[in-house]
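Notes follow the structure.
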Amino acid sequence: VMKKKLMMIPGPTPVDQSVLDALSKETISHLDPELVKTLKETLNDLKAVVMTEKGQPFTIPGTGTLGMETALVNSLKKGDRLLVVSHGFFGDRFVEIARGYSIEVEVLASEWGKIVEVEKIAQKLKEKSFSAITVTHVDTSTGVCAPLEEVAEVIKRFPETLFIVDAVCATGGIEERMDDWGVDIVFTGNQKAIGVPPGLANLVFSEKALERRNALGNISSYYMDINRWLPIMCEPGSGYFSTHAINMVNA
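Dropping the structure here:
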């Protein structure tokens, strides 16, 4: 009997043996009908877990940080204004990434262990126009859970502002209603509440977010350009962009 380590950390989390068995299956072609079927199921499961009928799911080899950067680079361009609501270390990471793309960033930060009050978010959005707002649903570093539904009600009053949610620590562990709450981009990883080893960045884009991507034209990324992934995500097996993490999809 294999002795397992007790990992008392937010993630990676312990993985069930059935997941490890799936991970160790024979590596097959990225166009094999078996993988195509599994990828379709995975994408549908991703839509289900964030409760969306309209959203377009993506699963891309990488981690949560790749998901974060992918969300920003497909929705904002140089000079656009981004409001970051930060409840800890990973909220702050949005700032570093956005400034690397010359996006103008304003930050609403809380003391560690506390939330940014919804009223402050509403006031900031009234003061000036923002192309997007980012909120971390649960920040791993502090354990703070944002009142996402309340924040969503505020953001709905500002339709020009895309609502981007970092759900790496939340998806699968707490309710997320993408359609009902008007979330435009939600991204997560595998390795926390989903209970799979790290290795995939999972994102869902709303119709509004896809329109924003198209409005940007050419963007400063090749691998993270969702328009390059879109044909494969809409119809797995229909073509090729990049070899997928086959065994991770199986898991």
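Under the working numbering, the first residue of the sequence shown carries the number 10, and numbering increases by one thereafter.
Positions of the beta carbon are idealized from the N, C-alpha and C atoms, including for glycine.
These numbers were taken from a predicted model, which means no experiment stands behind them.
Grouping DSSP H, G and I as helix and E and B as strand, with all else coil, what is Val-144? Counted from its first residue, the sequence shown places residue 144 at position 135. Under the three-state reduction of DSSP output, Val-144 falls in the strand class.
Classify Ile-241 as helix, strand or coil using the three-state DSSP reduction. Locating residue 241 in the sequence shown gives position 232, counting from the first residue. When secondary structure is reduced to three states using DSSP, Ile-241 falls in the helix class.
Val-163 in three-state terms, based on DSSP: Along the sequence shown, read from residue 1 onward, the residue named residue 163 stands at position 154. Three-state DSSP puts Val-163 in a helix.
Suppose the cutoff is 8 Å on Cβ atoms and the five residues either side in sequence are ignored; what does the same chain contact list for Ser-111 look like? Locating residue 111 in the sequence shown gives position 102, counting from the first residue. Lys-87 and Gly-88, listed in sequence order.
For Glu-185, which residues in the same chain have their Cβ closer than 8 Å to its Cβ, ignoring the five residues on either side in sequence? What you label residue 185 is simply residue 176 of the sequence shown in a count that begins at 1. So the qualifying residues of the chain are Val-58, Val-59, Met-60, His-146, Leu-157, Val-174, Ala-176, Ala-179, Val-192 and Val-195.
Helix, strand or coil at Glu-136 [DSSP, three-state]: Along the sequence shown, read from residue 1 onward, the residue named residue 136 stands at position 127. Looking at Glu-136 - three-state DSSP - the assignment turns out to be helix.
State the CB to CB distance for the pair Ser-84 and Leu-212, rounded to an integer number of angstroms; the pair is presumed to be in contact (CB under 8 Å). As a position in the sequence shown, residue 84 is number 75, starting the count at 1. As a position in the sequence shown, residue 212 is number 203, starting the count at 1. That belief does not hold up - the Cβ atoms of Ser-84 and Leu-212 are roughly 11 Å apart, past 8 Å.
Under the rule that 16 or more other beta-carbon atoms within 10 Å means buried, what is Trp-238, buried or exposed? On the sequence shown, position 229 is the one that residue 238 refers to. Taking a 10 Å sphere around the C-beta of Trp-238, we find 16 or more other C-beta atoms and assign the residue as buried.
Counting pairs of beta carbons, one from the segment 25 to 42 and one from the segment 203 to 217, are three or more of them closer than 8 Å? The segment 203 to 217 and the segment 25 to 42 touch, with three or more beta-carbon pairs separated by less than 8 Å.
Suppose the cutoff is 8 Å on Cβ atoms and the five residues either side in sequence are ignored; what does the same chain contact list for Pro-240 look like? Along the sequence shown, read from residue 1 onward, the residue named residue 240 stands at position 231. Ser-247, Gly-248 and Phe-250.
Please classify Leu-40: does DSSP put it in a helix, a strand, or coil? Position 31 of the sequence shown, counted from the first residue, corresponds to residue 40. Coil.
So, helix, strand or coil for Gln-200, using DSSP? One-based indexing of the sequence shown puts residue 200 at position 191. Note: Gln-200 maps to coil in three-state DSSP.
Can you list the alpha helix (DSSP H) stretches of 4 or more residues lying completely in the segment 199 to 228, in chain order? 216 to 225
Pair within 8 Å by beta-carbon distance, Gln-277 and Thr-22: Absent from the structure is residue 277, since the part of the chain shown begins at 10 and ends at 260.
Report back the beta-carbon spacing between Glu-216 and Lys-49 to the nearest angstrom; my notes put them in contact at under 8 Å. Translated into the one-based positions of the sequence shown, residue 216 becomes position 207. Translated into the one-based positions of the sequence shown, residue 49 becomes position 40. Wrong, their Cβ atoms sit about 20 Å apart, outside the cutoff.
Nearer than 7 Å: is that true of the beta carbon of Met-233 relative to any heavy atom of the ligand NAD? Looking for the ligand NAD in the displayed structure turns up nothing, as the structure carries no ligands at all.
Decide if Pro-245 is buried, meaning its Cβ has at least 16 other Cβ atoms within 10 Å, or exposed. Position 236 of the sequence shown holds residue 245. By the neighbour-count rule (16 or more Cβ atoms within 10 Å), Pro-245 is buried.
Does any C-beta atom of chain C lie closer than 8 Å to the C-beta of Cys-154? Here there is only one protein chain, and chain C is not present.
Taking Cβ to Cβ, would you say Ala-161 is nearer than 8 Å to Leu-91? Within the sequence shown, numbered from 1, the residue matching residue 161 stands at position 152. Within the sequence shown, numbered from 1, the residue matching residue 91 stands at position 82. For Ala-161 and Leu-91, no; Cβs fall outside 8 Å.
Assuming the contact rule is C-beta atoms closer than 8 Å, Val-153 and Gly-97 should be a hit. Round their C-beta distance to whole Å, please. Here residue 153 corresponds to residue number 144 of the sequence shown, with the count starting at 1. Here residue 97 corresponds to residue number 88 of the sequence shown, with the count starting at 1. About 6 Å separates the two Cβ atoms, so the contact holds.
Residue interval of the beta strand (DSSP E) (run including Ala-118): Taking the first residue of the sequence shown as position 1, residue 118 is located at position 109. In the DSSP annotation of this structure, the continuous segment of the beta strand (DSSP E) that includes Ala-118 starts and ends at 113 to 118.
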